[in-house]
Amino acid sequence: MTERTLVDVAALADLDPGEPRQVEVEGIPIVLVNIDGEVLAVHDICTHALESLSGGWVDDDRIECPRHGSAFSLRSGEALTPPATLPLPTFAVEVRDGRVLVDPTPSHDHPLIR
177 MTERTLVDVA
187 ALADLDPGEP
197 RQVEVEGIPI
207 VLVNIDGEVL
217 AVHDICTHAL
227 ESLSGGWVDD
237 DRIECPRHGS
247 AFSLRSGEAL
257 TPPATLPLPT
267 FAVEVRDGRV
277 LVDPTPSHDH
287 PLIR
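Numbered per this note's numbering, the sequence shown spans residues 177 to 290.
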């Protein structure tokens, strides 16, 4: 069993609930969202418009792209509304001692992650 590599990216106290925040982990743009104390992480670039999702809106556990309104699940990365059809990679998150740690390994391959 391989141990995950976790990268410290933020203080939990700095993540306002429901407000997206972009971080970069090993060159990968990731958007973090604090949903009632649970931090979720997905790739920050919309699979349709190549727009940063960190400038979008959060509703429950969905994030909406600011360019064309595609919505994605913050839990699964699934594209929930058109025009996007491809899912976003998700990233495992742990909170330890008030710090947010992200595993830089995406849930699946994505053309924008090299």
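Backbone N, C-alpha and C define an ideal beta-carbon position, used for all residues, glycine too.
Under 8 Å by Cβ, that's how I've got residue i and residue j pegged, so tell me the actual separation to the nearest angstrom.
i, j, result
"Arg238", "Leu256", "6 Å"
Apart from the five residues on each side of it in sequence, which residues of its chain come closer than 7 Å, Cβ to Cβ, to residue i?
i, result
"Pro259", "His224, His244 and Ser246"
What does residue i pair with, by DSSP beta-bridge criteria?
i, result
"Thr266", "Val218"
"Ala255", "Phe248"
"Ala186", "Val276"
"Pro287", "Looking at the DSSP assignment, Pro287 forms no beta bridge with any residue, so it has no partner."
"Pro205", "Glu200"
Is it buried or exposed, residue i, if we count other Cβ atoms within 10 angstroms and call 16 or more buried?
i, result
"Thr181", "exposed"
"His219", "buried"
"Gly253", "buried"
"Gly274", "exposed"
"Arg272", "exposed"
"Glu240", "buried"
"Leu191", "buried"
"Pro265", "buried"
"Pro196", "buried"
"Gly213", "exposed"
"Gly203", "exposed"
"Leu226", "exposed"
Quick check on the DSSP output: the beta strand (DSSP E) that includes residue i runs from which residue to which?
i, result
"Leu277", "Arg275 to Val278"
"Pro339", "The question about residue 339 has no answer, for the chain in this structure spans 177 to 290."
Excluding the 5 residues flanking residue i on each side, which residues of the same chain have their C-beta closer than 6 Å to its C-beta?
i, result
"Ala217", "Ile206, Leu208, Phe267, Val269 and Val278"
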